[in-house]
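Peer 1: Counting from 37, one number per residue, gives the positions in the sequence shown under the numbering used here. Idealized CB from N, CA, C, for every residue including glycine. Nothing here was measured: the structure is a model prediction, and the numbers come from that model. Supplied in structure tokens, the structure appears directly below.
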Amino acid sequence: MMPMDPNVVLRRFIDKELAIKQFFCRADSEAIAEFAEEFKIAKVDFLEYLSEDAYKQGNANLNLVFYDSKKPSKNTGVEFRDPKALGGFCTFRVFPLEGTFWSPEESEFAYSVARMLILIKGKMKIFQSLTYLSYHDPISGEYSTAYARKLVEERIASNDTIGYVVMFMNVRGMSEVNRSYTFAKASNLMFKFMREVKSILEDDELLWRFGGDNFGCYLRREHLDAVLRKISSCEIEDENGDKVYMSAVAGIYIFNGDEPNHAVAFDGAQQSLSIARFIKHVPYLFYDDDIIRINAHSTMIEMTFDATIAEPTFVPFFQPKVSVADKKLIGAEALCRWFTNGEYVVPAEFIPVLERSRRICALDFVMLKRLCVEIKGWLDQGIEAVPISINFSRRHLNNIRLASDICSVIDSYSIPHELVIIEFTETTNEADQNRLRNIVMALKNKGIKTSVDDFGVGYSSMSMIRDIPFDELKIDRSFIVSSDDIDNEDRKIIMMKHVIGLANDLGMHCIAEGAETEKHLKMLEDNGCEMVQGFLFDKPLPSDEFVTRLKNPDYYLTR
Numbered sequence: 037m038m039p040m041d042p043n044v045v046l047r048r049f050i051d052k053e054l055a056i057k058q059f060f061c062r063a064d065s066e067a068i069a070e071f072a073e074e075f076k077i078a079k080v081d082f083l084e085y086l087s088e089d090a091y092k093q094g095n096a097n098l099n100l101v102f103y104d105s106k107k108p109s110k111n112t113g114v115e116f117r118d119p120k121a122l123g124g125f126c127t128f129r130v131f132p133l134e135g136t137f138w139s140p141e142e143s144e145f146a147y148s149v150a151r152m153l154i155l156i157k158g159k160m161k162i163f164q165s166l167t168y169l170s171y172h173d174p175i176s177g178e179y180s181t182a183y184a185r186k187l188v189e190e191r192i193a194s195n196d197t198i199g200y201v202v203m204f205m206n207v208r209g210m211s212e213v214n215r216s217y218t219f220a221k222a223s224n225l226m227f228k229f230m231r232e233v234k235s236i237l238e239d240d241e242l243l244w245r246f247g248g249d250n251f252g253c254y255l256r257r258e259h260l261d262a263v264l265r266k267i268s269s270c271e272i273e274d275e276n277g278d279k280v281y282m283s284a285v286a287g288i289y290i291f292n293g294d295e296p297n298h299a300v301a302f303d304g305a306q307q308s309l310s311i312a313r314f315i316k317h318v319p320y321l322f323y324d325d326d327i328i329r330i331n332a333h334s335t336m337i338e339m340t341f342d343a344t345i346a347e348p349t350f351v352p353f354f355q356p357k358v359s360v361a362d363k364k365l366i367g368a369e370a371l372c373r374w375f376t377n378g379e380y381v382v383p384a385e386f387i388p389v390l391e392r393s394r395r396i397c398a399l400d401f402v403m404l405k406r407l408c409v410e411i412k413g414w415l416d417q418g419i420e421a422v423p424i425s426i427n428f429s430r431r432h433l434n435n436i437r438l439a440s441d442i443c444s445v446i447d448s449y450s451i452p453h454e455l456v457i458i459e460f461t462e463t464t465n466e467a468d469q470n471r472l473r474n475i476v477m478a479l480k481n482k483g484i485k486t487s488v489d490d491f492g493v494g495y496s497s498m499s500m501i502r503d504i505p506f507d508e509l510k511i512d513r514s515f516i517v518s519s520d521d522i523d524n525e526d527r528k529i530i531m532m533k534h535v536i537g538l539a540n541d542l543g544m545h546c547i548a549e550g551a552e553t554e555k556h557l558k559m560l561e562d563n564g565c566e567m568v569q570g571f572l573f574d575k576p577l578p579s580d581e582f583v584t585r586l587k588n589p590d591y592y593l594t595r
């Protein structure tokens, strides 16, 4: 009935173990049945008992069924007992198929085969666990990028991608959600949001998480509009029943059938998402010729930057700061201009690119050095200098030595600390605010003033100026009315008035950007603003023209 040569059986099991990856994704019984049926085994189980009494009463503490064909013989199977180290015992039970009777030798052999089955199943479970972990995100339980790559590669191989898209998404405002909830609760809200997106998808589509607040989606083109509507604004209910509105920004790649592998689609979606995240009020971007041109332009800027960073191609232009009271030059902001190919390039052309690639940190220090050279030159010529502010990116916030690094540069040129002001833009991230506060305090201790730029653009402005001791507050131009029709801008005027009053009450110098008309100036003056920047007085000036202005600091307006 049974092949009794142990070497034959062992060789078969070794062959199967070597090929185990071929069947570990199938149901366990499918692989085990191949052995069990050959050896007339109907059922294999394992039971654990805490005591002999528990055994007699049939009260097993643990019962694991490794294989069950549902066709056991009516006669009793073979049972083997093993004592446990801490008391009690375990039993292995092996039952033959209906109508099968085993001799003692065959029973012993069946037990050996059953133990091999248990080992095989254990290995299969390990492979299944490893596969689950590699194909699933351990926190959200959604599929992982590894599984998404596998699926899309299979679809490409079977020419089954026409009519599908890959979309990469970044959930907006998670830093604010994290501030309002615990990390676990905020994560749960994010996962609820993505499950709302997932509810639109069908069996041939996929949602996966690729880290943090980033998700991917492989879906049919016909479902794209519904998904985009969902991520534009989705109402999520927290555990208290309160409503939280969540949204996401996305980059989208449309399959054309010519993709050699998944990387083409994934890279296209990622590039589109990366650009969309840096453009205000853009909920999504498709990967197309415009994105290709933007990426080519970005690559050109990065390569040119790397090649010219050590050369004097980046120069400061100076935007004057003018006293509202006496119309006199009292400061300036150093703005970066890039002189390349015989012309100056404005910051909007290259700053966002350098910001994305973190090269902005190197540029900030290059500009600080150039500014120090300029100030040193003025002082050496006996020209009375004014404080100059220079913007530093939020990318520096992870540099715990930032204040010391800035101070070292200024000191290397023997520049009085009060002539350099470091500007930072708003941040909505609580951790970043804590880092920024430490940096501002360190700079203050070294006698270097700081300013918060573009006040009013973000959502954490009040907490920033409450917790961080800035010396200056620069009101964003959006607070300044955009036309001469001031009478119809009552709400803006009220808001601006209170912001200026708040700055004054906190002992901060207040600067308004974007003053372009005398009516703007009058409105700022009436509401107590101390300084202004804007084309009403001057555009950003190159160094030689600004030196002339330093020598003639009085502005005269016909009012």
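1) Let's test the definition: count the other Cβ atoms within 10 Å of the Cβ of residue 299 and tell me whether it reaches 16, buried, or not, exposed.
2) If you follow the beta strand (DSSP E) that residue 119 is in, where does it begin and where does it stop?
3) Thinking C-beta only, is residue 305 closer than 8 angstroms to residue 202?
4) What are the uninterrupted segments assigned as beta strand (DSSP E) that are 3 or more residues long and contained completely in the region 232–262, given in chain order?
5) Please state if the CB of residue 180 and the CB of residue 231 are separated by a distance shorter than 8 angstroms.
6) The alpha helix (DSSP H) that contains residue 311, what's its start and end?
7) Check whether the Cβ atoms of residue 101 and residue 113 sit closer than 8 angstroms, and answer yes or no.
8) Counting along the chain, where does the alpha helix (DSSP H) carrying residue 183 start and finish?
9) Compare the C-beta of residue 440 against all C-beta atoms of chain C and say whether one is closer than 8 angstroms.
10) Assuming contact is defined by CB atoms lying nearer than 8 angstroms, are residue 2 and residue 249 in contact in what I supplied?
11) Taking the alpha carbon of residue 263 as the point to measure from, which residue in 293, 229, 247 has its own alpha carbon closest?
12) Under three-state DSSP, which class holds residue 203?
13) Whose CA, out of 573, 571, 509, lies closest to the CA of residue 543?
14) Measuring CA to CA, which of 254, 219, 215 is closest to residue 234?
15) Just how far apart, CA to CA, sit residue 321 and residue 69?
16) Could you say which of 469, 455, 453, 178 lies nearest to residue 505 if we only look at CA atoms?
17) Is it true that the region 138–147 meets the region 216–227, where meeting means three or more beta-carbon pairs spaced less than 8 angstroms apart?
18) Mapping the DSSP letters down to three states, classify residue 374 as helix, strand or coil.
19) Within 10 Å of its beta-carbon, does residue 459 have 16 or more other beta-carbons around it, so buried, or fewer, so exposed?
20) Whose C-beta lies closer than 7 angstroms to the C-beta of residue 256 among residues of the same chain, with five residues either side of it excluded?
21) Please determine if the region 358–366 and the region 559–577 are in contact, where contact requires at least 3 C-beta pairs separated by less than 8 angstroms.
22) From the DSSP output, which residues share a beta bridge with residue 129?
23) Leaving out five residues before and five after residue 171 in sequence, what residues of the same chain have Cβ atoms less than 8 angstroms from its Cβ?
24) Which of helix, strand or coil does DSSP assign to residue 353?
25) So, with DSSP's three-state summary, where would you put residue 388?
26) Rounded to whole angstroms, what's the CA-CA distance from residue 520 to residue 547? Just pull it up for me.
27) Let me know the beta strand (DSSP E) ranges lying completely inside the region 446–477, each 3 residues or longer, listed in chain order.
28) Output the boundary residues of the beta strand (DSSP E) element that contains residue 490.
29) How many angstroms separate the CA atom of residue 89 from the CA atom of residue 95?
30) What number of angstroms, rounded off, separates the C-alpha of residue 211 from the C-alpha of residue 81?
31) Can you give, in chain order, each stretch of the beta strand (DSSP E) that sits fully within the region 404–454 and has at least 3 residues?
32) Which of the three DSSP states, helix, strand or coil, is assigned to residue 599?
33) Here's a check: name, in chain order, each residue in its chain whose Cβ is nearer than 6 angstroms to the Cβ of residue 98, leaving out the five neighbours to either side.
34) Spatial neighbours of residue 62 within its chain, please: C-beta separation below 8 angstroms, excluding the five flanking residues on both sides.
35) With three or more C-beta pairs closer than 8 angstroms as the rule, is the region 386–398 touching the region 419–437?
Peer 2: Inspection of the coordinates gives the following:
1) For the purposes of this step, residue 299 is taken as residue 263 along the sequence shown, with counting starting at 1. With fewer than 16 Cβ atoms within 10 Å of its Cβ, residue 299 is classed as exposed.
2) Residue mapping note: residue 119 aligns to position 83 of the sequence shown, counting from 1. DSSP places residue 119 in the uninterrupted beta strand (DSSP E) bounded by 114–119.
3) Within the sequence shown, the letter at position 166 stands for residue 202. Within the sequence shown, the letter at position 269 stands for residue 305. Contact: yes.
4) As far as the region 232–262 is concerned, its whole beta strand (DSSP E) runs of at least 3 residues are 242–245, 250–256.
5) Translated into the one-based positions of the sequence shown, residue 231 becomes position 195. Translated into the one-based positions of the sequence shown, residue 180 becomes position 144. In this structure, residue 180 does not lie closer than 8 angstroms to residue 231 by Cβ.
6) Counting from 1 along the sequence shown, the entry for residue 311 is found at position 275. Residues 298–312.
7) Residue mapping note: residue 101 aligns to position 65 of the sequence shown, counting from 1. Residue mapping note: residue 113 aligns to position 77 of the sequence shown, counting from 1. It is not a contact, given that the beta carbons lie outside the stated cut-off.
8) Numbered from its first residue, the sequence shown carries residue 183 at position 147. Bounds of the alpha helix (DSSP H) holding residue 183 are 181–193.
9) Absent here is chain C; the protein component of the structure consists of one chain.
10) One cannot answer for residue 2 here, as it falls past the ends of the chain, which runs 37 to 595.
11) Here residue 263 refers to the residue found at position 227 when the sequence shown is read from its first residue. Selected option, being the one with the closest Cα: 229.
12) Here residue 203 corresponds to residue number 167 of the sequence shown, with the count starting at 1. Note: residue 203 maps to strand in three-state DSSP.
13) The count along the sequence shown starts at 1 and reaches residue 543 at position 507. 509 is the residue among 573, 571, 509 whose C-alpha sits nearest the C-alpha of residue 543.
14) One-based indexing of the sequence shown puts residue 234 at position 198. Ranking the options by Cα distance to residue 234, first place goes to 254.
15) Reading the sequence shown from its first residue, position 285 is the one you call residue 321. Reading the sequence shown from its first residue, position 33 is the one you call residue 69. Cα to Cα, the separation comes out at about 52 angstroms.
16) For the purposes of this step, residue 505 is taken as residue 469 along the sequence shown, with counting starting at 1. Its Cα nearest to that of residue 505, the residue 469 stands out among 469, 455, 453, 178.
17) Touching, no, given that fewer than three Cβ pairs across the two stretches are closer than 8 angstroms.
18) The count along the sequence shown starts at 1 and reaches residue 374 at position 338. In this structure, residue 374 counts as strand in the three-state DSSP scheme.
19) On the sequence shown, position 423 is the one that residue 459 refers to. Answer is buried; the Cβ neighbour count reaches 16.
20) Here residue 256 corresponds to residue number 220 of the sequence shown, with the count starting at 1. Hits under 7 angstroms: 199, 200, 241.
21) Touching, yes.
22) As a working mapping, residue 129 is identified with position 93 in the sequence shown. Partner(s): 81, 115.
23) Taking the first residue of the sequence shown as 1, we reach residue 171 at position 135. Result list for residue 171: 179, 180, 182, 183, 186, in chain order.
24) The residue you call residue 353 lines up with position 317 of the sequence shown. Residue state, collapsed to three classes: strand.
25) Walking along the sequence shown from the start, residue 388 turns up at place 352. In the three-state DSSP reduction, residue 388 falls in the helix class (H, G or I).
26) Position 484 of the sequence shown, counted from the first residue, corresponds to residue 520. Position 511 of the sequence shown, counted from the first residue, corresponds to residue 547. At residue 520 the pLDDT is 48, less than 50, meaning the model places this residue with poor confidence; the figure from the coordinates comes in the next sentence. Residue 520 and residue 547 have their C-alpha atoms spaced approximately 20 angstroms apart.
27) With a minimum length of 3 residues, the continuous beta strand (DSSP E) runs that stay inside the region 446–477 are 456–461.
28) Stepping through the sequence shown from its first residue, residue 490 is reached at position 454. Counting along the chain, the beta strand (DSSP E) containing residue 490 begins and ends at 485–491.
29) As a working mapping, residue 89 is identified with position 53 in the sequence shown. As a working mapping, residue 95 is identified with position 59 in the sequence shown. Taking the Cα positions, residue 89 is about 8 angstroms away from residue 95.
30) Position 175 of the sequence shown, counting from 1, holds the residue named residue 211. Position 45 of the sequence shown, counting from 1, holds the residue named residue 81. The alpha-carbon atoms of residue 211 and residue 81 are separated by roughly 51 angstroms.
31) Runs of the beta strand (DSSP E) inside the region 404–454: 424–427.
32) An answer regarding residue 599 cannot be provided, because it is not within the stretch 37 to 595 covered by the chain.
33) Taking the first residue of the sequence shown as 1, we reach residue 98 at position 62. If the five residues before and after residue 98 are omitted, its C-beta is found closer than 6 angstroms to the C-beta atoms of 84, all from its own chain and listed in chain order.
34) In the sequence shown, counting from the first residue as 1, residue 62 sits at position 26. Interpretation of residue 62 is limited by its pLDDT of 40, a score under 50 that renders its predicted location unreliable; no figure is taken from the coordinates.
35) Touching, per the Cβ criterion.
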